[in-house]
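Protein chains in written order, with the numbering used here: chain D, 1 to 138; chain P, 1001 to 1138; chain L, 2001 to 2138; chain F, 3001 to 3138.
Okay, here's the thing in structure tokens:
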């Protein structure tokens, strides 16, 4: 299911991205400004309510936007993000996150990420602002 | 270092909170509207830049606010949160998160969480809005 | 251009909404969960840079979402909103805001508002969380 | 009550800032990274509920942070802001906004703004991220 033709910058990032590996993220599609990722929620990802910890959808969405923005070439980091938790996520749910570029200007990139479950229900929405450094991926 | 006198609701939450256990969160102080938590960043928590994934400070801050708000008695969940990433976090850094209640009204609770490192530098700030359900902790 | 068939709750709100009147808001479309509004930026709306003050797009977007959510019947107020300023807005620009419901659950409504100018450029994006009170519009 | 010793950049901004003039903003204190502003809510500032429109506290807070950040010398604009509406604001209320710098790094500035009423109640909280351009105030 993962992308055997992953964009080279995303491949380079994923190789060092221990957190995304722990999450079990599959990169389904990648390219400059584009990314779709998928993961399955495991028992070790729940909070005190027995549902997925809010950090799980945040983590998936944050990795997805980082791949989309960095694949444009410049080093880019999240400076601020707003996440809306729209529905509870259960163990076994399969989550798909898709980056939606909103606008760019100068060093700033605005990107949204939609996260849906296996039923197509929207479970989280991330609205993020990233900053592009002057340095680039080799 | 952890709180042997953890508030009973927080103890009950932590017992089932596999994600906070994976993070290695120590609850230093807990009570209604009050919580301070600490954790150490590990190799398996880095992103593609070799620094802590943004979801690590998010997770620590989200657990901290959940403990603070739920210890008031009602079941409460995050509905939306804004995180500002203020400085890079390295492997080995010791992070301390402290809940700062901002305001409450009806079913809504506004809580900020400050996250500092072992040098006292502020590395992240979470501004969260929670919703209190009609159900309560036993 | 304004809606002569404005939804009765929106009409009732607009009648008392001195701020939206000062802004010169025309309600182009209204209904439960639906609203599109338009206004023209005037000289008295600029900030120290000579472009529209950030509060202008915020105000237009906030009115638009209030009309969309309240037209469902219950009294509803914004509890927290994130606005992204995506492009500068000039005097004379004609701004159109459209409410995009994201999700609802219990007393919480998540609504986005897109704001475009007369060229179709997206100039602002509001991501809002509203709270529905137990009281209703007559 | 206004600051006869207003910082020269803030004075220059206020001279062109028609919106802040309409709001009736008094700059009580100003300087690099520092600003406190005050205004009184008027009848023409209410929304359909007869209380201050959410854009009023947003506008006051946004002007306050713009003055604080720009007084450091570089041209700086808000890129994204989250506002929490914490209590209703009535006609006649006297609002005081105070900028609280949170962190700076490169071109990015994180600033919070607290807004209180004449009773000292916190009515709104703005968490903003600004971007510093390469150009400066003369």
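Think of the CB as a built atom: it goes at the ideal place given N, C-alpha and C, for glycine as much as any other residue.
Residue 3008 (chain F): member of the alpha helix (DSSP H) spanning 3008-3016, first to last residue. Secondary-structure assignment with DSSP links residue 1040 (chain P) through a beta bridge to P:1094. Look at the region 49-81 of chain D: the residues with a C-beta under 9 angstroms from a C-beta of chain F are 79 and 80.
Collapsing the DSSP output to three states places residue 56 (chain D) in a helix.
Residue 1125 (chain P) is bridged by DSSP to P:1084 and P:1114. Short of 6 angstroms from the beta carbon of residue 1101 (chain P), and not among the five residues preceding or following it, lie these beta carbons of its own chain, in chain order: 1033 and 1111. Shown here, residue 3046 (chain F) sits in a strand according to DSSP, grouped into three states.
Residue environment analysis places residue 2114 (chain L) among the buried positions, since at least 16 neighbouring C-beta atoms fall within 10 angstroms of its C-beta.
Below the 9 angstroms Cβ cutoff, chain P contributes 1102, 1103, 1110, 1112 and 1127 as neighbours of residue 3125 (chain F), in chain order. Contact annotation for residue 7 (chain D) against chain P: no contact, minimum CB-CB distance about 12 angstroms [criterion: below 9 angstroms]. For residue 1121 (chain P), the closest Cβ of chain D is not nearer than 7 angstroms. In the three-state scheme derived from DSSP, where H, G and I count as helix and E and B as strand, residue 3027 (chain F) is classed as strand. The C-beta of residue 84 (chain D) comes closer than 7 angstroms to at least one C-beta of chain L.
Ranked by how close their Cα comes to the Cα of residue 2078 (chain L), the residues F:3109, F:3058 and F:3030 have F:3058 in first place. At least one CB atom of chain D sits nearer than 7 angstroms to the CB of residue 3107 (chain F).
The three-state secondary structure of residue 2072 (chain L), taken from DSSP, is coil.
Beta-bridge annotation (DSSP): residue 32 (chain D) is not paired with any residue. In the three-state scheme derived from DSSP, where H, G and I count as helix and E and B as strand, residue 1109 (chain P) is classed as strand.
The beta-carbon of residue 1092 (chain P) is placed no less than 7 angstroms from the nearest beta-carbon of chain D. Residue 3018 (chain F) belongs to the set of residues whose beta carbon lies under 7 angstroms from a beta carbon in chain L.
Pairing residue 2127 (chain L) with residue 129 (chain D) gives a Cβ-Cβ distance that is not under 7 angstroms. Within chain P, 1048 have C-beta atoms less than 7 angstroms from the C-beta of residue 13 (chain D), given in sequence order. For residue 2138 (chain L), the secondary structure class from DSSP, reduced to helix, strand or coil, is coil. In the DSSP assignment, residue 2103 (chain L) is bridged to L:2110. For residue 1089 (chain P), the closest C-alpha among the options P:1049, P:1021, P:1036 and P:1028 is that of P:1049.
A Cβ-Cβ contact shorter than 7 angstroms links residue 25 (chain D) with residue 39 (chain D). Taking C-alpha positions only, residue 3008 (chain F) is separated from residue 1067 (chain P) by approximately 47 angstroms. In this structure, the beta-carbon distance from residue 1085 (chain P) to residue 1054 (chain P) falls below 7 angstroms.
Residues 2097, 2113, 2115 and 2126 of the same chain have their beta carbon placed closer than 6 angstroms to that of residue 2061 (chain L), with the five preceding and five following residues left out of the count. Residues 3059 of the same chain have their beta carbon placed closer than 7 angstroms to that of residue 3019 (chain F), with the five preceding and five following residues left out of the count.
Short of 8 angstroms from the beta carbon of residue 2092 (chain L), and not among the five residues preceding or following it, lie these beta carbons of its own chain, in chain order: 2040 and 2041.
Of the other Cβ atoms in all chains shown, 16 or more fall within 10 Å of the Cβ of residue 2010 (chain L); this residue is therefore buried. For residue 2078 (chain L), the pairing in a beta bridge is given by DSSP as L:2130. Residue-level contact by beta carbon holds for residue 3044 (chain F) and chain L, with a gap shorter than 7 angstroms. With a threshold of 7 angstroms between beta carbons, residue 3022 (chain F) makes contact with chain L.
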